[in-house]
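Residue numbers for the sequence shown follow the numbering used here, so the first one is 7 and each next one is one higher. Using N, Cα and C, we set each Cβ at its ideal position, and we do this for glycine too. Shown next, in structure tokens, is the structure this report addresses.
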Amino acid sequence: IDVEANWKQVKRKISTEEKPAKQVGFFPNVWRYAAAIVLLATVSFLTWQWMTPPEMLSVTASLEPMNVSLPDGTQVWLNKGATLEYPEQFAVSNRQVELTGEAFFEVVHNPEKPFSVMADDTETRVLGTSFNLNEKAGSALELVLITGKVRFSKGEQEEILMPGEKVLVDGAGVVTKSLNEQRNFMSWKTRRLEFDSTAIKDVVLDIEALYGTSVEIESETFKNCPLTTTFQNDPLDS
């Protein structure tokens with residue numbers, strides 16, 4: 007046995023096996039650097055997206071009521087003259103829009119991202135519901151709940167609404183909750199008027215609101231006559 011010769015042979019084998027091992031070890035380092043760069047770029051992009059405010063869009067129903075689809079699928083019907091402002095993409099934790107005028111909302115249910123409508127220093131906060139909100143410049147604001155549940159607040163005043171209830175904010179800023187007894191409050195959207203033994207003086211108010219006109223009753227006696235009928239998409243003359 008030649009120990010010296012055998013030892014040299016073993017060292018040659020070790021030396022030969024080590025070289026490719028060093029070359030192979032280079033590539034994992036490259037991939038580690040590449041992964042770190044990709045991770046850094048991703049974090050930077052997400053941070054930029056989070057810090058950059060989304061572009062705001064504004065829609066106005068100038069001549070007639072119109073329908074608007076929001077980024078989350080929520081449907082909004084704007085009454086004539088109403089303006090809605092909303093982001094091109096909603097934030098991660100909430101969905102907030104701003105209304106001037108009157109609109110009907112059908113909000114997509116999402117408990118993770120509450121939906122809020124800001125109007126004349128008030129906030130209507132919902133998860134998923136439908137309601138009619140009427141913000142009148144310089145006068146009262148009215149919210150009528152159709153389905154679901156909402157929290158309405160103005161400053162420190164707060165009310166929780168259930169279907170069939172409404173809140174009214176008067177000129178002094180006082181919030182009052184009551185049952186909704188207005189049958190035709192959404193006629194601007196449905197184009198339908200219903201009357202059941204309703205006094206003509208009250209019928210005229212709904213006709214004026216729907217058609218944007220002024221009606222004068224010449225006979226005082228006629229003002230209290232009851233009317234029971236339904237109008238659906240009828241012209242004003244009819």
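Rounded to whole angstroms, the separation of the alpha carbons of L76 and T89 is 14 Å. In the three-state reduction of the DSSP assignment, S184 falls in the strand class.
By the 16-neighbour rule on beta-carbons within 10 angstroms, F96 is buried. Every beta strand (DSSP E) stretch that sits fully inside the region 102–169 and reaches 3 residues is listed by chain position as 121–125, 128–132, 136–141, 147–153, 156–160, 163–167. Going by DSSP, A215 is part of the alpha helix (DSSP H) stretching over 206–217. The beta-bridge partner set that DSSP reports for W37 is empty. Here DSSP, grouped into helix, strand and coil, assigns R18 to helix.
Per DSSP, the unbroken alpha helix (DSSP H) holding S193 starts and ends at 193–196. By the CB criterion at 8 Å, L151 and L167 fall inside the cutoff. Rounded to whole angstroms, the Cβ separation of L149 and K119 is 21 Å, and the two are not in contact under 8 Å.
For F201, the secondary structure class from DSSP, reduced to helix, strand or coil, is strand. Cβ contact annotation for K229 (same chain, cutoff 6 Å, sequence separation greater than five): I206, K207, I223, in chain order. Contact annotation, T182 with F121: C-beta distance approximately 24 Å; criterion of less than 8 Å not satisfied. Taking a contact as a CB-CB distance under 8 Å, the pair T135 and K155 counts as one, their CB atoms being some 6 Å apart. Residue state for T89 is assigned as strand, using DSSP reduced to three classes. E171 carries a strand assignment under DSSP once its states are collapsed to helix, strand and coil. As computed with DSSP, T235 is found in a beta bridge with F201. DSSP, reduced to helix, strand and coil, places T80 outside both helices and strands of the structure shown, so it counts as coil. By the criterion of a C-beta distance shorter than 7 Å, T234 is surrounded in its chain by F201, D202, S203, once the five residues flanking it on both sides are discounted.
DSSP places N73 in the uninterrupted beta strand (DSSP E) bounded by 72–75.
In the structure shown, L69 adopts coil according to DSSP, grouped into three states.
With respect to the 8 Å criterion, W37 and E108 are not classified as neighbours on the basis of their beta carbons.
Assignment of L242 by DSSP, reduced to helix, strand and coil, places it in the coil class.
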